[in-house]
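In the numbering used here, the protein residues as written are 694 to 859.
Heads up, the beta-carbon is just placed ideally off N, CA and C, and yes, glycines get one too.
Being a predicted model, the structure only gives us computed values, none of them experimental.
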């Protein structure tokens with residue numbers, strides 16, 4: 694997946710040196726809350742654009758997680774299903790399984806099993822050679838939509854950190 698980042702700048706102006714342990718505790722608390730809030734926001738935005746398919750396995754695999762400690766904290770929004778994610782995000786060609794594709798064709802087009810099989814084979818051949826036509830770009834769309842609000846949340850956290858350090 695592509696790495697998308699938001700930045701926040703906290704100018705310490707010597708405050709850190711007064712009481713480093715207190716500073717780290719304040720930072721972890723305030724910035725940790727902001728990371729939880731922004732990663733939840735981003736997960737909701739990405740989920741909004743994520744295709745559900747027949748099983749919904751990929752959409753169910755999306756997660757958010759806060760990692761690190763102290764000044765090295767960050768949040769991840771992603772999926773353990775990286776290969777599927779690349780296909781959906783960028784339309785990378787791949788060899789889809791015929792069984793789920795037949796079920797999807799039956800469900801979407803209301804065809805009999807024999808007709809669904811024939812249509813699924815054509816779709817499989819197309820995806821294998823060209824990739825998917827309608828690329829989801831769920832991470833790109835979700836992050837772009839959520840970025841302004843997420844940046845405001847992080848900026849407010851930076852202001853709260855500075856206020857508490859004084």
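Spanning the alpha carbons of residue 852 and residue 798 requires a straight line of approximately 53 Å. Residue 802 counts as exposed, since fewer than 16 other C-beta atoms from the protein chains shown sit within 10 angstroms of its C-beta. Between residue 744 and residue 781, the C-beta spacing is below 8 Å. Rounded to whole angstroms, the gap between the alpha carbons of residue 788 and residue 815 is 12 Å. Per DSSP, the continuous alpha helix (DSSP H) segment holding residue 810 begins and ends at 806-823. Here residue 807 is exposed. Its C-beta has fewer than 16 other C-beta atoms within 10 Å. Note: residue 759 is bridge-paired with 768 in the DSSP secondary-structure output.
Of the other Cβ atoms in all chains shown, 16 or more fall within 10 Å of the Cβ of residue 732; this residue is therefore buried. In this structure, residue 735 sits near residue 770, with a CB-CB distance shorter than 8 Å. Per DSSP, reduced to three states, the secondary structure at residue 774 is coil, with no helix or strand assignment. In summary, residue 800 is exposed, with fewer than 16 beta-carbon neighbours lying within 10 Å of its beta-carbon over all protein chains present. Going by C-alpha positions, residue 750 is about 29 Å away from residue 727. The C-beta distance from residue 783 to residue 828 rounds to 6 Å, short enough to meet the 8 Å contact threshold. In this structure, 742 is the residue among 823, 759, 742 with its C-alpha nearest to the C-alpha of residue 753. Secondary structure of residue 723 (DSSP, three-state): helix.
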